[in-house]
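Q: All letters in the sequence shown, in the order written, are residues 10 to 514 by our numbering.
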Amino acid sequence: MSRPAATLAAVIIAGTITRAAALLAMDGILPLGWLYVDEHTYTAGTGADPFEKPPGTALLAGPLVAVAGPVAARAVFSAFTLLPAVLLSRRATGRWSSLAALLASFDPFLVYAGMQILPEAPAAALAAAAVAAMPRDASSARAGSRTALSGVALGASCLFRAELALLAPASLLYRPGRRWFLFAAGLAAPLAAAVLFHACGGGGIPAATNASENAWLGTRIELLRTPPGVEFEALVGMDPGAGDTFLSRAADSVLSDPGGTALFALRKALAGVAVPGEGRNLDDPWLMRRTGLLYLLPVSAVALVIGLAGSFRGSAGGACWLTRAAFPALLASSALFFPALRYRTALMPLFWDAASRAPARRNLRFLCASALVLTAASVTGIDAARPGLAYVARAGEEIDHGLPLEALATLDSARARGFRGADLHNLGGIALAVTGRREEALRELLLAQEMAPGSPSVWRNSAVLYHEMGMTGEAQTAARRAVSLYPGLEPLLSPLTGGGGDGPR
């Protein structure tokens with residue numbers, strides 16, 4: 010058996026076992042058959058426009074989840090994350106490159122991304138395809154067409170994770186030559202197609218609101234530390250024209266404190282390379298520990314250190330100008346928006362491509378410097394995710410699936426993990442109300458009102474509970490407050506605001 014074939018077999022076996030074990034462990038924490046937080050949006054489960062965010066995930070995962078269910082979709086996404094190692098194994102001609110391919114097969118960041126129905130898994134697969142398509146010999150007859158094809162693959166990956174487009178300007182740092190224009194043209198093709206398709210339906214620029222929201226989120230650490238839910242809802246507001254609002258908020262924040270904004274951008278950039286990295290919608294580092302993936306972090310650290318060192322010193326031939334751009338693109342993305350373990354995952358195939366080439370001894374000082382940078386970043390992180398976020402996400406799904414008693418137990422686990430905030434009381438109030446413990450439910454919702462007075466969901470839930478308890482005046486006041494915060498609730502709450510009817514059902 011040839012070395013590439015043997016490496017491929019080892020990659021498939023090791024990668025499959027690692028992913029199966031991690032999925033089984035995750036099922037005990039967040040049942041695989043449910044959707045959590047952003048997974049609802051990315052699978053179009055909320056009825057939102059798929060183009061509100063980069064549309065690739067909704068267009069791919071939406072039909073997949075609808076037809077086969079979340080468990081099958083997670084299996085498919087897990088398979089996506091094995092593609093970078095598979096492509097590396099096809100080029101494995103020596104011991105070092107074979108070892109790199111094998112290590113990439115159980116990269117914990119890629120394995121973790123495959124357990125979620127989110128953009129990172131397909132984005133990483135397409136980024137790996139872009140690297141594989143890039144010609145190693147710039148003088149070959151097909152170098153131009155392969156460079157353009159590499160750009161098309163990366164452009165397709167941008168339909169999942171838009172910030173990957175930063176690789177194009179970042180690669181200019183490494184003098185790619187005239188082929189860069191072919192690469193940029195290929196990258197632009199899928200993006201232009203998405204814009205035209207959405208424009209034909211009367212839409213604007215895809216993901217514009219999402220990008221402006223992320224830019225605003227990255228202006229203050231308090232925003233990054235506010236989890237998704239009713240507290241975040243109160244901060245964001247429910248204005249349908251929020252895209253312009255987010256941009257103006259971000260601009261106001263920058264103009265009010267340019268120096269502080271610049272320093273925070275540097276801190277975010279450093280946090281972008283921290284290991285394990287920042288969570289936001291879920292407590293990602295804790296979930297990685299519970300699934301055993303945290304113990305594989307040295308594997309990813311190898312790729313990050315070599316990739317970081319290569320961004321300062323390395324060959325400009327072959328695919329290196331693209332892989333070397335991964336680090337500056339990561340810094341730019343983290344500084345412009347915010348650092349997140351999820352967002353970095355899509356760049357891991359480029360770091361692994363750099364790691365597949367044995368570093369020369371003359372690069373030892375760059376490797377040592379990279380290791381120091383990685384260590385410094387890891388001990389000075391932002392710690393954006395609140396402890397217990399995963400339990401809060403699970404409790405919300407348990408309520409939606411008619412399991413209020415289980416939800417109350419899960420919220421106790423979140424509280425034990427240290428979670429504090431309005432979401433704990435809002436979900437607790439809903440679960441208690443469903444079980445008939447209305448007085449306790451009211452106390453919880455009153456606490457939620459105090460903590461998130463600008464959340465329409467809290468006032469909606471309070472209005473419904475007041476109505477069920479026969480507190481007509483309080484129900485009307487709460488319903489009007491909810492509608493004033495989000496007019497879209499008017500059809501549901503009109504019976505309680507004076508519009509007639511028997512009340513919400």
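The C-beta atom is built at its ideal place from N, Cα and C for all residues, glycine as well.
1) Three or more C-beta pairs closer than 8 angstroms, one from the region 128-145 and one from the region 159-170: is that the case here?
2) Quick check: the Cα distance between residue 490 and residue 468, rounded to an integer number of angstroms?
3) What residue from 393, 358, 334 and 360 has the CA that sits closest to residue 349's CA?
4) Pop quiz: residue 115 and residue 37 are said to be a contact at Cβ under 8 angstroms. What is the actual Cβ separation, rounded to whole angstroms?
5) Roughly how many angstroms lie between the CA atoms of residue 377 and residue 183, to the nearest whole one?
6) Please state if the CB of residue 199 and the CB of residue 161 are separated by a distance shorter than 9 angstroms.
7) Would you check if the distance between the CB atom of residue 399 and the CB atom of residue 302 is smaller than 9 angstroms?
8) Is it the case that the Cβ atoms of residue 159 and residue 359 are separated by a distance below 9 angstroms?
9) Quick check on the DSSP output: what are the complete beta strand (DSSP E) runs of length 3 or more inside the region 173-204, in order along the chain?
10) Is residue 432 buried or exposed, if buried means 16 or more other CB atoms sit within 10 Å of its CB?
11) Hey, how far is the Cα of residue 419 from the Cα of residue 460?
12) On a Cα-Cα basis, can you pick out the residue from 413, 297 and 475 that is closest to residue 30?
13) Going by CA-CA distance only, name the one from 11, 362 and 336 that's closest to residue 7.
14) Quick check on the burial criterion: 16 or more other C-beta atoms within 10 angstroms. Buried or exposed for residue 124?
15) Using a 10 Å radius around the Cβ and a threshold of 16 neighbouring Cβ atoms, would you call residue 27 buried or exposed?
16) Hey, quick one: how far does the alpha helix (DSSP H) through residue 410 stretch, first residue to last?
17) Buried or exposed for residue 10, going by 16 or more other Cβ atoms inside 10 Å?
18) Over what stretch of residues does the alpha helix (DSSP H) that includes residue 225 continue unbroken?
19) Can you give the Cα-Cα distance for residue 21 and residue 13, rounded to whole angstroms?
20) With a cut-off of 8 angstroms on the beta carbons, I'd call residue 442 and residue 450 a contact; round off their distance for me.
21) Look at the alpha carbon of residue 152 and the alpha carbon of residue 189, and state the distance between them as a whole number of angstroms.
22) Any idea what DSSP makes of residue 277, helix, strand or coil?
23) Does the region 214-228 come within contact of the region 65-83, defined as at least 3 CB pairs closer than 8 angstroms?
24) Measuring alpha carbon to alpha carbon, tell me which of 294, 345, 305 and 214 ends up nearest residue 272.
25) Considering only the beta carbon of each residue, do residue 312 and residue 372 sit closer than 9 angstroms?
26) Buried or exposed: residue 95, going by 16 or more other Cβ atoms within 10 Å of its Cβ?
27) According to the neighbour-count rule (16 or more other Cβ atoms, all chains shown, within 10 Å of its Cβ), is residue 502 buried or exposed?
28) Go through its chain and collect everything with a Cβ distance to residue 245's Cβ below 6 angstroms, but skip five positions before and after it.
29) Regarding residue 272 and the ligand FMN, is the C-beta to nearest heavy atom distance less than 8 angstroms?
30) How many Å lie between residue 58 and residue 494 at the Cα?
31) Inspect the beta-carbon positions of residue 428 and residue 462 and report whether they are closer than 9 angstroms.
32) Which of helix, strand or coil does DSSP assign to residue 264?
33) Less than 6 angstroms between C-beta atoms, sequence neighbours within five positions excluded: which residues of the same chain meet that for residue 406?
34) Alpha carbon to alpha carbon, how far is residue 479 from residue 430?
35) According to DSSP, is residue 287 part of a helix, a strand, or is it coil?
36) Comparing alpha-carbon positions, which option in 84, 506 and 352 lies nearest residue 487?
A: Considering the structure as presented:
1) Segments in contact, yes.
2) Approximately 7 angstroms between the Cα atoms of the pair.
3) It is 393.
4) At roughly 20 angstroms, the Cβ-Cβ gap does not stay under 8 angstroms, so residue 115 and residue 37 are not in contact.
5) A direct Cα-to-Cα measurement between residue 377 and residue 183 gives close to 22 angstroms.
6) In this structure, residue 199 lies closer than 9 angstroms to residue 161 by Cβ.
7) No, the Cβ-Cβ distance between residue 399 and residue 302 is not below 9 angstroms.
8) Between residue 159 and residue 359, the C-beta gap is not smaller than 9 angstroms, which leaves the two residues out of contact.
9) If one requires a minimum length of 3 residues, no beta strand (DSSP E) run lies completely within the region 173-204.
10) Burial call: buried.
11) Distance from the CA of residue 419 to the CA of residue 460, rounded to the nearest whole angstrom, comes to 21 angstroms.
12) Checking every option, the nearest Cα to that of residue 30 belongs to 297.
13) The requested residue 7 does not occur in the structure, where the chain is confined to residues 10 to 514.
14) Around the C-beta of residue 124, 16 or more other C-beta atoms lie within 10 Å, and the residue is accordingly described as buried.
15) When all chains shown are included, residue 27 counts as buried.
16) In the DSSP assignment, residue 410 falls outside any alpha helix (DSSP H) and carries neither an H nor an E.
17) Result: exposed.
18) For residue 225, the enclosing alpha helix (DSSP H) covers residues 217-226.
19) Cα to Cα, residue 21 sits roughly 12 angstroms from residue 13.
20) Yes, residue 442 and residue 450 are in contact; Cβ-Cβ is about 4 angstroms, under 8 angstroms.
21) For residue 152 and residue 189, the distance between alpha carbons rounds to 11 angstroms.
22) Assignment of residue 277 by DSSP, reduced to helix, strand and coil, places it in the helix class.
23) As far as the Cβ criterion goes, the region 214-228 does not touch the region 65-83, which means the pair count is below three.
24) The option with the nearest alpha carbon to residue 272 is 345.
25) No, Cβ-Cβ distance for residue 312 and residue 372 is not below 9 angstroms.
26) Its Cβ being crowded by 16 or more others within 10 Å, residue 95 is buried.
27) Counting every other CB atom within 10 Å of its CB across the protein chains shown gives residue 502 a total of 16 or more, marking it as buried.
28) Excluding positions up to five away in sequence, the list is empty.
29) No copy of the ligand FMN occurs in the structure displayed, which carries no ligand at all.
30) Cα-Cα distance, rounded: 22 angstroms.
31) At least 9 angstroms separates the beta-carbon of residue 428 from that of residue 462.
32) Assignment of residue 264 by DSSP, reduced to helix, strand and coil, places it in the helix class.
33) Same-chain partners within the cutoff: 43.
34) Taking C-alpha positions only, residue 479 is separated from residue 430 by approximately 28 angstroms.
35) Residue state, collapsed to three classes: coil.
36) Closest option to residue 487, Cα to Cα, is 506.
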